[in-house]
Amino acid sequence: DVKVTQSSRYLVKRTGEKVFLECVQDMDHENMFWYRQDPGLGLRLIYFSYDVKMKEKGDIPEGYSVSREKKERFSLILESASTNQTSMYLCASVQTSSYEQYFGPGTRLTVT
Amino acid sequence: GQQVMQIPQYQHVQEGEDFTTYCNSSTTLSNIQWYKQRPGGHPVFLIQLVKSGEVKKQKRLTFQFGEAKKNSSLHITATQTTDVGTYFCADLIYNQGGKLIFGQGTELSVKP
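Residue numbers (the numbering used here), protein chains in the order written: chain G, 61 to 172; chain A, 1255 to 1366.
1) Can you look up A:T1360 in the DSSP assignment and give me helix, strand or coil?
2) State the start and end residues of the unbroken beta strand (DSSP E) segment that holds G:Y70.
3) Check whether the Cβ of A:K1353 lies closer than 8 Å to any Cβ atom in chain G.
4) Let me check you understand the geometry: is the CB of A:K1305 closer than 7 Å to at least one non-hydrogen atom of the ligand FMN?
5) So what does DSSP say about G:Y110, is it helix, strand or coil?
6) Apply the 10 Å Cβ neighbour rule to G:S29 and answer buried if 16 or more other Cβ atoms are within range, or exposed otherwise.
7) Could you name the residues of chain A that G:T167 contacts, counting a contact when the two beta carbons are closer than 8 Å?
8) Have a look at the DSSP bridge pairing and note the partners of G:E82.
9) Who are the neighbours of G:L150 on chain A, taking C-beta pairs under 9 Å?
10) Using a Cβ cut-off of 8 Å, pull out every chain A residue sitting near G:Y110, in sequence order please.
11) So which residues of chain A does G:T146 contact, with C-beta pairs closer than 8 Å?
12) When we look at the beta-carbon of G:Q66 and count the other beta-carbons within 10 Å, is it buried (16 or more) or exposed?
13) Counting pairs of beta carbons, one from the stretch 135 to 153 of chain G and one from the stretch 1330 to 1345 of chain A, are three or more of them closer than 8 Å?
14) My output table needs one value for A:T1336: the three-state DSSP class, helix, strand or coil.
15) Is A:Q1358 buried or exposed, if buried means 16 or more other CB atoms sit within 10 Å of its CB?
16) Quick one: Cα of G:V79 to Cα of A:K1311, how far?
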């Protein structure tokens, strides 16, 4: 069964802290994505990755960076967390035969 | 940038009533995908529409792709409480690794 896992379901951090959100998939997918979800705005793409060490900016990359050292793992980094980064963060990987995206359970991040 | 508009944002129905959500774009959509997110859950792939004018059914759910590939709709016949959740449409961008441009989503609540 397909599985995408994220390191935490809930996270509370202070303004200015460096935050790491990790995502792991077990499907050998090449392409992985990070989104944030906010009420009324849907899902907005932060970064995506085609393959190991490859990354592309999405629609809202400011304040974020990513790391893809291994195929199965895609990390989202908030260099200096701010309160406007309080959100639900969703990771996904895509099966390129169908382009169906498989989502992780999400991490609800609160920055105080 | 490209935008996908989805309406309505919220829909409250009595169990047994029908429900429709609409997805529109000012530019031609590539392929449309639909996802469902249950309360507290993560988006789950429902279906992908590829061809102009395409209609697909999944039990009580009917998905349509407009003739000009600028709009799509999801119609649920005789809603049930299990239909509760947020429904998202998304435009698939093939040449960017399967990137999705999501609509804002329609949150459906069903009163028993």
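All C-beta atoms in this analysis are idealised placements derived from N, C-alpha and C, irrespective of residue type, glycine included.
Looking at the coordinates:
1) Here residue 1360 of chain A refers to the residue found at position 106 of the second sequence. It is a strand residue.
2) Walking along the first sequence from the start, residue 70 of chain G turns up at place 10. According to the DSSP assignment, G:Y70 belongs to the beta strand (DSSP E) that extends over Y70 to K73.
3) Here residue 1353 of chain A is taken as the residue at index 99 of the second sequence, counted from 1. Judged by the 8 Å Cβ criterion, A:K1353 is in contact with chain G.
4) Ligands displayed in this structure: none; no statement on the ligand FMN is therefore possible.
5) Reading the first sequence from its first residue, position 50 is the one you call residue 110 of chain G. Residue state, collapsed to three classes: coil.
6) Since the first residue of chain G shown is 61 and the last is 172, residue 29 of chain G is not available in this structure.
7) Here residue 167 of chain G is taken as the residue at index 107 of the first sequence, counted from 1. Neighbours of G:T167 on chain A: none; closest Cβ ~11 Å, over 8 Å.
8) For the purposes of this step, residue 82 of chain G is taken as residue 22 along the first sequence, with counting starting at 1. G:E82 pairs with G:S135.
9) Numbered from 1 along the first sequence, position 90 holds the residue referred to as residue 150 of chain G. Those are H1296 and P1297, listed as they occur along chain A.
10) Within the first sequence, numbered from 1, the residue matching residue 110 of chain G stands at position 50. Those are G1351, listed as they occur along chain A.
11) As a first step, residue 146 of chain G must be located in the first sequence, where it is residue number 86. Going along chain A, no residue has its Cβ under 8 Å from G:T146, so there is no contact; the nearest lies around 18 Å.
12) The residue given as residue 66 of chain G occupies position 6 in the first sequence. Under this definition G:Q66 is a buried residue.
13) Contact between the stretch 135 to 153 of chain G and the stretch 1330 to 1345 of chain A is absent, because fewer than three Cβ pairs lie under 8 Å.
14) As a first step, residue 1336 of chain A must be located in the second sequence, where it is residue number 82. A:T1336 falls in the helix class under three-state DSSP.
15) As a position in the second sequence, residue 1358 of chain A is number 104, starting the count at 1. By the neighbour-count rule (16 or more Cβ atoms within 10 Å), A:Q1358 is buried.
16) The residue labelled residue 79 of chain G in the question sits at position 19 within the first sequence. The residue labelled residue 1311 of chain A in the question sits at position 57 within the second sequence. Between G:V79 and A:K1311, the C-alpha separation is close to 43 Å.
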